[in-house]
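Heads up: the structure comes next, in structure tokens.
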Amino acid sequence: MRIRDYVKPGDLSHAYERLVGTKGAVVMGGGIFLRLQNRTVPLMIDLADLGLDGVNITGDRVEIGAMTTLRQIEKHIGLPEALTGAMKQIAGVSVRNMATIGGSVMGRYPFSDVIPVLLSFDTTLHFHSSGDMALLEYLENGLPCCDILTHLTFNMPEKSAYKAYKSIYTDFALVNVSVAKKDGYCVSIGARPGHSKCVQVENVDEVLGLVERFEFGTDHRASAEYRKALAQALLEDIWEGGESWK
Amino acid sequence: MEVTLIINGDHFGFSAEPDEVLLDTLRKLGFKSVKRGCDTTSCGMCHIIVDGQLVPSCSYLTVRANRKKIVTVEGVQEKVRAIAEFMTAEGVEQCGYCSPGHMMSLIALFEENPKPTIDEVKHYLAGNMCRCSGFEGQHRAIAAYLEVEQS
Amino acid sequence: MSVNKSIPKVDGMGLVLGKPAYTDDFAPRDALIVKVLRSPHAHAEITSIDTSKALMIPEIKCVLTHLNVPDVIFSRAGQGYPEPSPYDAKILDKTVRYMGDAVAVVAGTSEHMVDLAMSQIKVKYEVKDAIIDFETALDHETLIHANENTFSMFPIGHDAKRNLAASYEMMIGDVPKTLESCDVVHRATYYTQAQSHAMAEPHNVTAYYDVQDRLTIMSSTQTPFHVRRIIARNLGVDLSKVRVIKPRIGGGFGGKQAIHGEFYVALVTKITGKPAKMIYTRKEVFESTYTRHAMRIDLTVGAMKDGTIKALDMEVLSNTGAYGEHALTVLMVTGAKNLPLYNHVESVGFKGNVVYTNTTPAGAFRGYGAIQGNFALESIIDELAAKLEMDPVEIRTMNMIKEGETSEIFEVMGEGKEGMAMMIESCKLDQCIENVMKSIQWKEKYPMRVMPDGKIRGVGMALAMQGSGIPGIDMASAIIKLNDDGFFSLVVGATDIGTGSDTILAQMAAETLNVPVDQIIVYSSDTDLTPFDTGAYASSTTYVSGHSVRIAAENMVEVILDKARRFFGTEDVSYDGKTVRAGSQEMTLKAFSTVLYYSEQQEQLVSSGSFVGEKAPPPYMAGACEVEIDPRTGRIEVLEYHASVDCGTVVNPNLARIQVEGALLQGIGMTLYEEAIYRNNGRLYNNSFLTYKVPTRMDVGPMHINFVDSFEPSGPFGAKSVGEIGIDTPPAAIANAVYNATGMRIRKLPIRSEDLWEMMNKKQTLI
């Protein structure tokens, strides 16, 4: 990626002004995929100095700053198991030291290990200008205009778990599954290979049959049929020792 | 853009393009331990420590590192030598190209967790590729180092 | 004693400490940045190419296209000369034959400006039909090299009009007749894939004119002498005007055996007079260097009810991609390094075609041919055992090659021409099998067991053989000089690519000279300073280069004794590594050498040795593994791998062990995970480490390596090779273990969990 200009603003409104005021400007979270893009960016706005990182847990409410790194989340002992667990096999430690949760969400990567978990938590995204938006809505529709994600929030699930099927430890998932227990059970499946989807049921007995309610696709890495079988196996693994899920 | 980096304790002031990455900057400045392996943050060969954090220098903008403290293998020779004694005793460094990045990961790990188990070591180093060794010898060497260090 | 000792690599500590050691670490600061514009089409003719805008950029110093480079045709293969590979490549060509083929070369003072200039080059292509599926390539209506005057230096079965890079056929005995007399005949077809080397250091090269105006090329190459020959001849420069230096290399595995960026950089320097350098991007390493040859292997085995194997017949179709480097030799090895394993047969046949396609060229890769053929052969032995309801180990033991035996194949099949007859003087396969069976607890685990969690475990085994250099072709030499103060310089052409060959060669010199290894200073791989060596390939360094060092060291002892006779004026002299004795007088080597260079009867003591093998004694190995399979997903995990290796005397047990462990993991990677996947239009899907995944440390189970007591009479200090043998067994051993666990026979690599899952669900064989 060619970058013509770079700023690291110290306050959010200044960052936002530069973003809306410069055609083609891009905000930088972790910057991990910088080298994968072959394009020219007139202005790179680095969000590193805005104090947007950190985890705040108040009662049931969890707030995670957009610039919180995946490694910070992985090591946080108060966060739900599905979320910390999902971090462990994302590339290596050095990548997780740079990559941010905001960047992971905003990229809407279908292979994401982070999004299915946040989706199963019914996460809300908070933007500087456009305000709040459900993660699901963002995944489906994106943003109407350019904006800066400041933080995301969700209510702490009673219990949660995440599993991904990866051929090689650090590979992208062939399929991944996150389950969260709140009032009912939220099951989201990602890398289908399309975007993560989430299905909610009230009754614990319905969970293992949930895979039928997802659509799976075929690409060169796996067939739809196989992805479905993997998702079922992952869900079964999550359900092992199922008593506590009830 | 004007940039100052504190590399292994020394100040370096220079002008950098906005899209220059630390890998290129450091190699230009003579820190040849920092190796180019993949360009996609996938191999760990360009690992350095920036303000205490292990990062892939191939994707870290030099301008972003302004006024930050950078550590490369050149700056921690004695620490590296202590570990390397065990690596070379196993003969496991082989081509050696991934070794400096691998050492930076270990140094970052020991900062974070001075007494890791071998499973913790493996998990921490999962992003450090090696195509020569089959890894087993690395783990034998690290286990031996930890045993001596911890006794 | 220095041989058979685990001495640390002489360069190891320096490398871990990050000392400048590799090509790009030494590139001149003002080197022009060289980049290559690459073809977006799998097959096209360049109808016009306009570089005028690029040349108008002041920072751009040179742009090369097929219009302004020497129009010469050659083989980029780094192998014996004349090469047994077709001459089918040009520096830059009007035709591009795969996505990533070179179109133009741009050199400039700034990387950004070079990038800009590349985007300003206007190329018009006439796109042609491309052949991606190698099974359709032979006699396809589209011809990949038909317009060029391709040729071979001697007959290799090359026929560009048929898309045939090379072909070969031989038969010993009468295979059809033997098969008729067999109780059981079993035929099967196996497929192996293109694998990428994924060495750590990309292919880097730098060039400059030195103070004597000689073109100096520093390159991450496995074959500096071949690079000098190929570059000088084709650039029209005298060999005497070219120097090639190989510094430390970040891994090769065969991927740096051929010419890569050397032509581009050398030509830029030749034209501009300026230093230049090229760093391959990882994408270029994947798309525009080489892969392993993908193959289809049809194999037939004929046997009697009691398990006696009477006939083997192998037919290979090999994909060499766009160019034919190593096309013939990889094919030959597929048979020659496998079929002799079962040498008691009445008849044996081998034939094969190597075809061109519009994909990344295939080239040398550790265990080339051997691993592909081993997958087929060692799978079919288990299949035969199943058919005969026999124990697969028993059927191997009954039929395998033994010490004191030979195989006619050694004489019939060489590297591109006839081979050399060879008696096997060391073969401890029986011991290797016994060792792995014991260490994996074969009797308890064979064939399978179901675990409480529903997962299934099975064990599998495979045998392998390799070679030790190419007899009559691979040549190596060494020079030893005695320095004042009594230490020695060992100067070798041999190419250490990270394996530790500098170290083991120093050990051999130290052994003969009877001095500690630290008294041997090694300098290697510099065409100006070091004597000739064909290079690091074909498992040749320990055996061939090792012998040259042994001979040089023996000669040095003679040179020292001869000087002592003249110096002391007596015939009664001896040398023990520390002291030179003459009659009743004695002098330490340290004192003796210092006197020789400073004060009395001054004379430099130098010796040399060179060697070419008359045989290539195979190292042998038995590999066994236990796999665990999740029937719900088909996931295969290699729980443990056991290997017992006969490589003769183990020169450096640590380094040998790492060679085997590293090779095993590459073999496991090929078996379960790795494949260069091309889309229908010829684009390589996985061209980065994000998408081409090699096993990480989390994906590998324990490996148990053992070396059997063995001594190869023809080897230096009893040694044979160990660099390649380790990669050969995983495909068949794992496939056999999967069969033993599930009853599913997989004949296609990589063994994808989805394929196994599908077979287990549908209870049918894939091919």
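Sequence lines, in order, name chains D, W and G.
Under this note's numbering, the first sequence is numbered contiguously, ending at residue 529.
Under this note's numbering, the second sequence is numbered contiguously, ending at residue 180.
Under this note's numbering, the third sequence is numbered contiguously, ending at residue 918.
Using N, Cα and C, we set each Cβ at its ideal position, and we do this for glycine too.
As the structure is a computational prediction, the values presented were derived from the model and not from experiment.
Under 7 Å from the C-beta of residue i: neighbouring residues of chain D
i                      : result
residue 828 of chain G : 503
residue 836 of chain G : 503
Under 9 Å by beta carbon: chain W residues contacting residue i
i                      : result
residue 291 of chain D : 92, 93 and 95
Under 8 Å between C-beta atoms of residue i and residue j
i                      : j                      : result
residue 658 of chain G : residue 154 of chain G : yes
residue 582 of chain G : residue 859 of chain G : yes
residue 349 of chain D : residue 398 of chain D : no
residue 462 of chain G : residue 688 of chain G : no
residue 181 of chain G : residue 61 of chain W  : no
residue 381 of chain D : residue 314 of chain D : yes
residue 696 of chain G : residue 767 of chain G : no
residue 761 of chain G : residue 857 of chain G : no
residue 660 of chain G : residue 621 of chain G : no
residue 463 of chain D : residue 440 of chain D : yes
residue 411 of chain D : residue 295 of chain D : yes
residue 881 of chain G : residue 824 of chain G : no
residue 310 of chain G : residue 194 of chain G : no
residue 403 of chain G : residue 351 of chain G : no
residue 546 of chain G : residue 452 of chain G : no
residue 538 of chain G : residue 694 of chain G : no
Chain-ordered chain G contacts of residue i [CB-CB under 7 Å]
i                      : result
residue 132 of chain W : 167
residue 454 of chain D : 844
residue 126 of chain W : 173, 351, 352, 401 and 402
Residues bridged to residue i (per DSSP)
i                      : result
residue 412 of chain G : Residue 412 of chain G is not bridged to any residue.
residue 85 of chain W  : W:76
residue 469 of chain D : D:463 and D:483
residue 442 of chain D : D:464
residue 173 of chain G : G:399
residue 749 of chain G : Looking at the DSSP assignment, residue 749 of chain G forms no beta bridge with any residue, so it has no partner.
residue 287 of chain G : Bridge partners of residue 287 of chain G: none, in fact.
residue 434 of chain D : D:348 and D:409
residue 822 of chain G : The partner list for residue 822 of chain G (beta bridge, DSSP) is empty, contrary to what the question assumes.
Within chain W, the residues that residue i reaches when beta carbons sit closer than 8 Å
i                      : result
residue 841 of chain G : 69 and 71
Interface partners of residue i on chain G, CB under 8 Å
i                      : result
residue 154 of chain W : 848
residue 165 of chain W : 812, 851, 853 and 854
Outcome for residue i when other beta-carbon atoms lying within 10 angstroms are tallied against a minimum of 16
i                      : result
residue 152 of chain G : exposed
residue 151 of chain W : buried
residue 138 of chain W : buried
residue 918 of chain G : At residue 918 of chain G, the pLDDT of 45 sits below 50, so the modelled position is not reliable; the number obtained from the coordinates is stated separately. Classification for residue 918 of chain G: exposed.
residue 84 of chain W  : buried
residue 601 of chain G : exposed
residue 302 of chain G : exposed
Coarse secondary structure for residue i, derived from DSSP in three states
i                      : result
residue 264 of chain G : helix
residue 918 of chain G : With a pLDDT of 45 at residue 918 of chain G, under the threshold of 50, the predicted position of this residue should be treated as unreliable, and no value is reported.
residue 616 of chain G : strand
residue 39 of chain W  : strand
residue 602 of chain G : coil
residue 360 of chain G : strand
residue 368 of chain G : strand
residue 295 of chain D : helix
Where residue i meets chain D, residues with beta-carbon distance less than 8 Å
i                      : result
residue 908 of chain G : 509 and 512
residue 608 of chain G : The premise fails here: residue 608 of chain G is roughly 18 Å from chain D at the closest Cβ pair, so nothing lies under 8 Å.
residue 109 of chain W : Per Cβ cutoff of 8 Å: no residues; residue 109 of chain W is ~17 Å from chain D at best.
residue 783 of chain G : 512, 515, 516 and 519
Cross-chain neighbours of residue i in chain D, by beta carbon under 9 Å
i                      : result
residue 292 of chain G : By Cβ distance, chain D contributes nothing, its closest Cβ being about 28 Å from residue 292 of chain G, past 9 Å.
Within chain G, partners of residue i - CB distance below 9 Å
i                      : result
residue 450 of chain D : 786, 823, 824, 844, 850, 903 and 904
residue 506 of chain D : 905 and 909
Minimum Cβ-Cβ distance from residue i to chain A less than 8 Å
i                      : result
residue 431 of chain G : Absent here is chain A; the protein component of the structure consists of chains D, W and G.
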